[in-house]
Amino acid sequence: MHPAFSVIFFTTLSGLGYGIWIWTSVMLLSIRSADSAAMHLALMFAAAVPVVAGLLSSTLHLGQPLRSWRAFSQWRTSWLSREGLLAVACFLPWLAIASTAVFGADSLGFLEPWLLALLALGSLATVYCTAMIYASLKPIPAWQHRVVAPAYFGFALLTGGLACMAATYRTDSPAELRVLLLLLLAVALAVAKRRYWRDIDRGDLPVARDSALGLAPGRVATVFERPHTEANYLTTEMGFVLARRHSLKLRRIALALFAGVPVLACVLALMLPGLGTAAFAVAAACALLGAIVERWLFFAEARHLVTLYY
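Dropping the structure here:
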């Protein structure tokens, strides 16, 4: 599949924002320090920027971006429509929390727990719908792998969690539990992606050209001549070719960025807490870059069944 950067930025930036909303909502449900609560609230409000940027970038992939509103009506059958509706719905508890924080009391008591829980659950549901946009496409076998949806959750929680740690590490004490959770999350995500890459390298397409033509078993169809002399939409969008040596190199880069650097940052924060803020700031930036590289590979390495005819 052709890796469109508008969709790549949509999935990574919005995932970052939703991940921050999940972490900050959970933390605000448990913390009692006014300074820490203020920092988490500020981060929750700022997370709307990557969420909105990601959602807007997704419209750039459409032929008629101004008609994107029509997708909201297909929620019964379309994961894209469900994702759009949930993305908008998440702003309702976010706006309620923001208005209460600005015009309400100055203590943690004004933050209704159900608003925070609603924002966290809505963010999780939106990330799931984003993953299912691709995992539901049967013509692309690689995207039906069982780790696709968990990996989307993992990247949202990892990038969002690292951003939260970079902003709130000094105000949250103790933070060892969250550091350990992020360390385990980075390792688990690396293991999941390595398994995904191994399986798509070994797996063959479930159908062949001869079966599509209805030929009897054992008979093989070969291409005598291309159906056209120039590239068309199918060959440019569905038939992206990536050399294996480039693929392996980009995989190593992605693993180092979204798993290696965060693991080192977590270990450094546990051993030298004074360097935690700087370490997590670097790790958050690297994890986001690694997510972008991984998402580019996610599209570039996917083989659409229509390529059998070319």
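Using our numbering, the first residue of the sequence shown is number 28, and each one after it goes up by one. For each residue, glycine too, the CB sits at the ideal point set by N, CA and C. Being a predicted model, the structure only gives us computed values, none of them experimental.
Review point. In angstroms, rounded to a whole number, what distance separates the CA positions of Ser57 and Leu143?
Key: 11 Å
Practice item. Could you pull the start and end residues of the alpha helix (DSSP H) that Met192 belongs to? Key: Val175 to Thr195
Review point. Are Ala75 and Gly46 closer than 8 Å when you measure CB to CB?
Key: 8 Å or more divides the Cβ of Ala75 from the Cβ of Gly46.
Check your understanding: What do you get for Leu189, buried or exposed, if any count of 16 or more other CB atoms within 10 angstroms of its CB means buried?
Key -> buried
Exercise for review: Go ahead and label Gly230 buried or exposed: buried means 16 or more other beta carbons lie within 10 angstroms of its beta carbon, across all protein chains shown.
Suggested key: exposed
Check your understanding: Thinking C-alpha only, which one of Leu83, Ser163, Ala116 and His29 is nearest Ser11?
Key -> The chain is shown only over 28 to 337; residue 11 falls outside these bounds and no answer can be derived.
Review point. Which runs of the beta strand (DSSP E) fall wholly inside the region 261-328 and span at least 3 residues, in chain order?
Key: none
Review point. From Leu135 to Ala64, what does the alpha carbon distance come to, in whole angstroms?
Key: At Leu135 the pLDDT is 47, less than 50, meaning the model places this residue with poor confidence and gives no usable figure here.
Check your understanding: How would you call Glu328, buried or exposed, if buried means at least 16 neighbouring beta carbons within 10 angstroms?
Key -> buried
Point to revise | Ser33 - containing alpha helix (DSSP H), residue span | key: Boundaries of the alpha helix (DSSP H) harbouring Ser33: Phe32 to Leu55, taken from the DSSP string.
Review point. When the distance is taken between beta carbons, is Ser108 closer than 8 Å to Phe37?
Key: no
Check your understanding: Looking only at C-alpha atoms, which of Ser52, Leu83 and Asp62 sits nearest to Phe72?
Key -> The shortest C-alpha to C-alpha distance from Phe72 to any of Ser52, Leu83 and Asp62 is the one to Ser52.
Point to revise | Close Cβ partners of Tyr179 (< 8 Å) along its chain, the five nearest in sequence each way excluded | key: Thr38, Gly42, Val154, Tyr155, Thr157 and Ala158
Review point. Would you report the Cα separation of Val175 and Ala147, rounded to the nearest angstrom?
Key: 21 Å
**Study point:** Straight-line gap, Gly266 to Trp96 (C-alpha atoms, nearest Å)
**Key:** 29 Å
**Study point:** Limits of the alpha helix (DSSP H) - the one that Ala128 falls within
**Key:** Phe118 to Phe130
Review point. The alpha helix (DSSP H) with Leu252 in it runs from where to where?
Key: It is Glu, not Leu, that sits at residue 252 in the sequence shown. No residue range can be given for Glu252, since it is assigned to no alpha helix (DSSP H) and is classified by DSSP as neither H nor E.
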